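Have a look at the structure below, then the notes.
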Amino acid sequence: MDGIIPVVEKKDFLRWFLKEFTLKKRECSWLLNYLMSDDDLMENVHFVEEAERCPKALIMSTNDVHTVPFCFHKYQQVTMDAEKAFHDIRMNPEEAIYIQLHFSGAKHNPNYIAVLEDNPYVPENEDLIAKQKKLAEAFLERSVQSFEEKELLRRIDEALDARDKETFLTLSQQLQHLRQHSD
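Taking this note's numbering, the leading residue of the sequence shown gets 22, the next gets one more, and so forth.
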């Protein structure tokens, strides 16, 4: 599910898909055929999951699933009008187009999986990222505390060497306070 998918493979997949399935909106078939007619456009086509997170996305459904027939996302704008999507693609051929297809068995279909790419706009695993962030914060907190403790111990040693009882007592209290709040 990553790497660059050759244009030939994308076109072969779309030909197979259009032969095997009927899209809920016939304009979607026209749109896919238009994309296949231009290799430069196909270079910018990426089949992904969670396409709605991408800056420019086409989401299409076949008759055999219960999802929205067609949706075009461009940044925070959303439309169900395939003509607007066609116009945008025609006017901006250099922009990447992320396509998500909803059809029966899509998640297990080897033809679809072969052209499916990782969505660069979706973190690999949001839960994992959150856990890693917590671990990093805890590590940073322990590191700062360890540094502060070492610094206090160094300053306590200096106070002892200088026979500075007042500074020694103040720093000892700070060290004790730091250790109590670290548990």
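Ideal placement from N, C-alpha and C gives every residue a C-beta, glycine not left out.
All figures in this text were calculated on a predicted structure; none of them were measured in a lab.
Residue i - partner residues in DSSP beta bridges
i: leucine 137; result: Phe68
i: methionine 81; result: Phe91 and Leu122
i: valine 29; result: None, per the DSSP bridge assignment.
i: threonine 100; result: Phe93
i: leucine 39; result: Beta-bridge pairing links leucine 39 to no other residue.
i: leucine 44; result: Thr83
Chain-order list of residues whose beta-carbon lies under 6 angstroms from that of residue i (same chain, five-residue window excluded)
i: lysine 77; result: Lys95, Glu116 and Ile118
i: methionine 57; result: Lys32 and Leu35
i: leucine 122; result: Met81
Distance cut-off 6 angstroms: residue i Cβ against heavy atoms of the ligand NAP
i: cysteine 49; result: The ligand NAP is not among the ligands present in this structure, which contains no ligands whatsoever.
Closest residue to residue i among the options (Cα-Cα distance)
i: valine 89; options: Leu44, Val28 and His198; result: Leu44
i: glutamine 195; options: Lys171, Met57, His67 and Val29; result: Lys171
i: glutamate 48; options: Asp60, Asp85 and Phe93; result: Phe93
i: proline 141; options: Arg74, Asp61 and Val29; result: Arg74
i: tyrosine 55; options: Gln98, Asp178, His87 and Pro114; result: Pro114
i: tryptophan 242; options: Phe189, Gln98, Leu192 and Asn130; result: This structure leaves residue 242 out entirely; the chain is present only between 22 and 204.
i: alanine 127; options: Lys46, Gln197 and Asp85; result: Asp85
i: phenylalanine 168; options: Leu199, Asp61 and Leu53; result: Leu199
i: aspartate 220; options: Pro27, Lys46 and Ala72; result: Since the first and last residues shown for the chain are 22 and 204, residue 220 lies out of range.
i: glutamate 71; options: Val29, Ser125 and Val143; result: Val143
Cutoff 7 angstroms; reference residue i; Cβ partners in own chain excluding five residues on either side
i: lysine 31; result: Met63, Val66 and Val136
i: serine 50; result: Leu39 and Leu44
i: alanine 180; result: Thr188, Phe189 and Leu192
i: arginine 176; result: Leu192
i: methionine 101; result: Phe91 and Cys92
Local conformation of residue i per DSSP, three classes
i: alanine 106; result: helix
i: asparagine 54; result: helix
i: glutamate 116; result: coil
i: serine 167; result: helix
i: serine 203; result: coil
i: cysteine 75; result: coil
i: proline 131; result: helix
i: arginine 176; result: helix
i: aspartate 60; result: helix
i: aspartate 182; result: helix
Report yes or no: do the region 72 to 86 and the region 95 to 106 share at least 3 C-beta pairs separated by less than 8 angstroms? Using a C-beta cut-off of 8 angstroms, the region 72 to 86 makes contact with the region 95 to 106, since at least three inter-stretch Cβ pairs fall below that distance.
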